[in-house]
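Take the working numbering: the last position of the sequence shown gets the number 979, and nothing is skipped along the way.
Glycine included, each C-beta is placed from N, C-alpha and C at the ideal position.
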Amino acid sequence: MASVAFTDNFIESLGCLLAPSLGKLATQLILIPELSSREREVILEETRESLSGVLHAKLTRLLLVELNAARVGERLSGEDSAERWNEFIALASQRSFWEELSEHYPTLLHRVERLIHHRCEASYLFAQRWVADRTKLATLCDGPVGELQALSFGAGDSHRGGLTVALLRCEGGRVVYKPRSVAVDAVLRDFIAVLADEHGADLSIQVPRVINGIDYGWAEFVEHCYAAGEHELSCFYTGIGHLLAIMHVLGASDLHAENLIAHRNTPVVVDCETLFTPKLAMPPSGFGNALDRAAELVSGTVLHIGLLPGRAQALGWRGIDYSGVGSLPGQQPMMSRPAILKAGTDEAYLGTTMMPVPVAKNHPSPEPALATYWPNALEGFDSLTATLRRLDAAGLLSPRLQAFADCRVRVVVRATEVYAEIGRMLWHPVSLHNEAQARQRAHELFAKMAANVVLAPSDPLVIESEIEDLLVGDIPFFSTLVRDGQLHGSRGVNWLPPGNLADAALQHWRASDFAFERNVIRATMVSAYLNDGWTSMGTTLVPQVIRDGDLDQRRRKQAAQIVQGLVSNAIRGNDGSVAWIAPVLNVTGWSVQPLAVDLYGGLSGVALLAAAYVREMHAGRADPVAGIEALSQAIQYTLRLAEVKLAATLHGNIKTRPPTIGAYIGLSAQIWTLLMLAQWNRQRGDELDRAMALADGVLDAAAEDETNDILTGRAGAIPVVLALAKQTGEQRYLDIAVQLGQQLCDLARHDGDRAYWVHPQMWPTGLGGFSHGVTGVGWALTHLARATGETRFEEVAQAAFRFEDAAFDEGEQGWTDLRNLGGPKTASVWCHGAVGIGLAHLDLDPRMEQARTRALLQHAVRATASKGLGWNHCLCHGDLGAWELLHQAVPLGVAPDGMTRESLLAHILSSLEEYGPSCGLTKGVFVPGLMPGLGGVAYQLLRIHPESRLPSVLLLGNS
């Protein structure tokens with residue numbers, strides 16, 4: 021099966037649409053005497069190439085629909101599939117073919133002609149500006165530019181009638197053409213130069229030289245160049261900190277990877293059009309006043325700049341890190357892109373292909389070591405922020421910001437990926453057939469978005485203007501003068517009230533909590549990694565001296581200190597709700613944001629910890645912590661608000677995507693938390709009823725879910741729904757578990773006698789381990805088989821375990837980490853390695869009645885003891901997760917020689933005392949989450965008491 025993104029045949033078929041406008045452009049170019057014949061050829065050919073690519077992307081789906089219709093209708097006479105393909109291409113290459121389509125797609129030809137006309141007019145305008153300014157550009161190339169030799173349109177999105185950034189290669193060098201005013205670039209360059217003098221040291225940051233026209237400009241081309249040695253790398257990341265400090269005071273946004281070029285020791289901002297982005301009050305979320313306050317805090321921080329790592333949420337970009345300092349090679353999911361499948365035959369259709377995210381030019385080394393140089397970024401931010409605050413105190417900063425007053429800046433009111441998705445919908449054949457209906461749908465989606473995104477326009481006239489842009493292939497563009505503040509879009513529409521954006525940015529900056537900003541910068545590093553970088557710090561937490569004695573008193577002290585931190589770091593609402601801000605893992609990856617409701621790192625896990633601490637405190641097994649009981653009630657109230665909001669969302673008038681269903685991130689996480697709280701509350705509350713209400717949505721959520729693992733997918737729902745069936749005695753929950761199990765069996769991929777499941781964006785060839793891999797799925801299916809007696813579930817589970825067995829590396833004496841993230845070959849943690857594998861099999865065979873269990877457990881314990889301790893302390897991938905396996909191994913006689921439960925606890929407590937609780941890349945940031953954060957450390961410390969009956973979080977109460 022062929023799978024290609026583009027086909028030369030389809031591009032050739034579009035020539036008949038391009039010919040009239042390209043002919044006119046050729047004539048116009050001839051009438052510019054200052055253009056050489058070679059330059060005319062370059063401009064004309066690049067216009068043809070860029071237009072062909074744009075039309076191919078817009079019209080491929082329609083052409084494939086028409087190809088299929090011609091095949092089914094037997095209108096093609098070729099003897100075989102390939103001949104019929106070529107016959108159809110020949111038909112589509114005729115103008116009459118497109119004219120005949122007007123009956124079924126009434127507006128198609130008009131829209132295509134407008135798009136082509138705009139792009140050709142933009143090319144003609146470029147040619148006029150090129151010849152007018154050619155002699156001025158010598159300063160950008162350090163010499164005369166000479167003749168234009170090569171040209172590339174489309175270095176960015178198309179705006180305002182087909183205008184795009186263009187890259188030029190000339191005899192004298194390379195230049196960048198920007199179809200917008202570059203006055204802001206020039207002022208920013210001067211601002212940095214003056215600021216460097218005030219700072220008393222060079223700033224490792226650069227803005228290219230520019231030449232400004234009236235509403236366009238030229239910029240020098242900056243070549244990507246890796247740093248030469250340790251000193252230049254240190255300077256580069258110090259420059260990242262300088263850049264954060266400057267962009268924070270200037271209210272910048274959208275500083276993503278394509279807008280930053282690494283040039284040896286200097287980050288170069290090649291596009292700074294989005295300074296002074298307005299900050300508007302956010303609408304109430306419905307999740308409580310505390311979360312609204314937390315969201316307001318986050319939205320106003322340096323995170324808004326776009327420079328710091330973070331994962332995209334939008335469909336098609338989900339999980340991708342496009343940030344200016346992130347976008348790490350090897351740390352991106354595969355991205356889905358449309359592709360013609362069975363190309364070259366009359367059975368061709370539009371499918372998808374997975375491809376790597378293109379490597380950006382924002383890094384100073386092929387393998388960026390963020391963990392190593394992140395302190396440089398923090399130091400750069402701190403030092404330049406101190407200079408800026410000193411200037412502000414002296415009354416010097418405000419006048420310097422007013423230098424930007426007459427600069428035109430762009431405001432991105434909706435994410436470009438949102439526009440891209442709606443644009444694809446508007447060019448779908450169904451939309452081309454009924455444009456009025458498609459426009460209405462687009463209008464509804466934009467209006468809905470406006471209710472949740474503060475900058476997104478809600479004015480119907482503005483929305484219609486956005487739709488008009490998308491209908492002709494443009495991304496809507498809003499701009500304003502800094503002193504004006506009112507946004508101006510296409511067709512004379514305006515959005516937002518007037519106001520001086522420089523004054524507003526300065527006021528916002530002055531109100532910043534700079535210590536909080538620093539914590540945000542430190543915390544975001546985790547978002548750059550697909551996993552949480554459990555080995556990325558490269559340091560050891562193995563204690564230098566293991567101190568025995570006073571174990572229970574020391575255990576209590578460590579747990580109490582973490583829970584006291586939970587109390588003191590809480591953000592409280594005036595409605596009784598509560599929130600925290602921390603790195604959060606969701607289905608798209610890590611992001612610094614208010615905690616969600618999940619069990620893994622969110623409010624459900626924190627609720628479990630707080631309730632557990634109250635329970636153990638009352639039993640005399642934990643030290644008193646002031647405020648924890650009130651906080652526990654506040655968290656549970658906040659969870660109620662989230663459930664009400666979820667129900668309203670799922671049953672509202674506009675269809676929304678349901679949440680995931682996993683045991684740690686998803687509906688099942690909330691259900692299991694409620695089941696635990698119901699048991700601890702002795703069924704006196706309404707937790708069980710709420711759990712049942714959530715469970716009613718599991719199958720609907722599963723129908724929309726692409727994941728099958730324990731963490732976020734179907735497998736995770738099975739043990740939770742089984743627990744609900746046991747607690748309620750209701751058959752319907754067992755039936756739900758059976759349906760989920762059947763789906764898992766149907767979705768399994770088989771390799772001989774082995775079974776695995778794929779995650780198309782990340783792990784298309786399967787994965788081992790408990791949280792994302794086959795062991796977790798097999799564990800869930802085994803429990804289902806035992807609950808139902810259905811042998812198919814057991815058979816698939818055993819096939820999954822055989823897949824895991826095949827990943828065992830005899831040389832490493834551990835299970836290969838099939839993620840292949842560049843770290844250790846094997847992992848000895850709960851989520852992806854020995855700890856989770858060992859615990860799962862011990863849970864299924866607790867008396868080790870099968871010889872295989874003992875052998876496997878010995879491997880798991882040996883790997884955990886030798887390689888699973890000393891990286892960090894968290895429950896998911898640290899010492900407190902390893903404790904659970906090793907603690908159980910001691911009485912079973914499979915622990916390492918000399919290890920006792922007391923010596924294991926002494927080792928862990930000594931590490932906590934020597935280094936402080938640490939959770940990998942988030943060291944120094946209070947992370948309350950149960951699995952990746954300090955919450956799980958405290959929870960396990962509670963469980964360590966010999967009389968504690970708190971359930972295992974790692975096995976959802978099954979051990």
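Measure the alpha-carbon distance for residue i versus residue j and round it to whole angstroms.
i, j, result
"P164", "F534", "47 Å"
"E441", "A646", "50 Å"
"M21", "P353", "Only weak support exists for where M21 lies, its pLDDT of 29 falling under 50; the coordinates are left without a value."
"G936", "G890", "12 Å"
"Y776", "E726", "14 Å"
"L974", "E133", "60 Å"
"N840", "T873", "27 Å"
"G569", "Y633", "23 Å"
"A525", "S172", "36 Å"
"L280", "M545", "18 Å"
"H861", "A875", "11 Å"
"F26", "A359", "At F26, the pLDDT of 43 sits below 50, so the modelled position is not reliable and the matter cannot be decided from this model."
"L490", "Y439", "8 Å"
"L970", "R963", "6 Å"
"E967", "R575", "14 Å"
"G308", "A826", "48 Å"
"G717", "E293", "45 Å"
"L49", "P384", "41 Å"
"G181", "T321", "34 Å"
"H897", "L961", "16 Å"
"A987", "L694", "This structure gives no information on residue 987, because the portion of the chain shown stretches from 21 to 979."
"D291", "I495", "17 Å"
"W515", "R81", "34 Å"
"L912", "M868", "9 Å"
"G306", "G761", "34 Å"
"D595", "R660", "13 Å"
Terminal residues of the continuous alpha helix (DSSP H) containing residue i?
i, result
"W610", "Taken as a continuous stretch (DSSP letters only), W610 belongs to no alpha helix (DSSP H), being part of the beta strand (DSSP E) at 609-614."
"T372", "Run containing T372: none in the alpha helix (DSSP H); it sits in the beta strand (DSSP E), 369-375."
"W150", "128-153"
"V318", "309-319"
"S923", "921-935"
Assuming residue i contacts residue j (C-beta within less than 8 Å), just tell me the rounded distance between them.
i, j, result
"A662", "V617", "5 Å"
"I857", "F813", "19 Å between Cβ atoms; not a contact."
"W700", "L976", "Contact doesn't hold; Cβ gap of about 15 Å is too wide."
"Y125", "H453", "6 Å"
"S930", "H893", "So it is not a contact: roughly 12 Å between Cβ atoms."
"K817", "L838", "The residue you asked about is not Lys; residue 817 is Ala in the sequence shown. Not a contact, Cβ separation roughly 19 Å."
"F401", "G261", "4 Å"
"T680", "L623", "In fact, because the Cβ distance is near 16 Å, the residues do not count as touching under 8 Å."
Considering only DSSP beta bridges, list what residue i is partnered with.
i, result
"S499", "R430, H508"
"G193", "C190"
"D894", "According to the sequence shown, residue 894 is Cys rather than Asp. Per DSSP, none; premise fails for C894."
"A1052", "Examination of residue 1052 is not possible in this model, given that the chain is present from 21 through 979 alone."
"A440", "DSSP lists no partner for A440."
"V598", "R592"
"E240", "V195"
"R357", "T373"
"L183", "H179"
"C245", "H283"
"D568", "Answer is none; D568 lacks a bridge partner."
In the DSSP assignment, find the unbroken beta strand (DSSP E) run with residue i in it and report its ends.
i, result
"N232", "230-232"
"A186", "186-190"
"D917", "Careful: D917 lies outside any beta strand (DSSP E) and carries neither H nor E."
"H770", "769-771"
"L171", "168-173"
"A775", "774-776"
Check whether the region 413-429 and the region 53-68 are in contact - that is, three or more C-beta pairs closer than 8 Å.
no
The region 497-516 in contact with the region 271-289 per 3-pair CB rule at 8 Å:
no
On the three-pair Cβ rule with 8 Å, is the region 364-380 touching the region 113-124?
no
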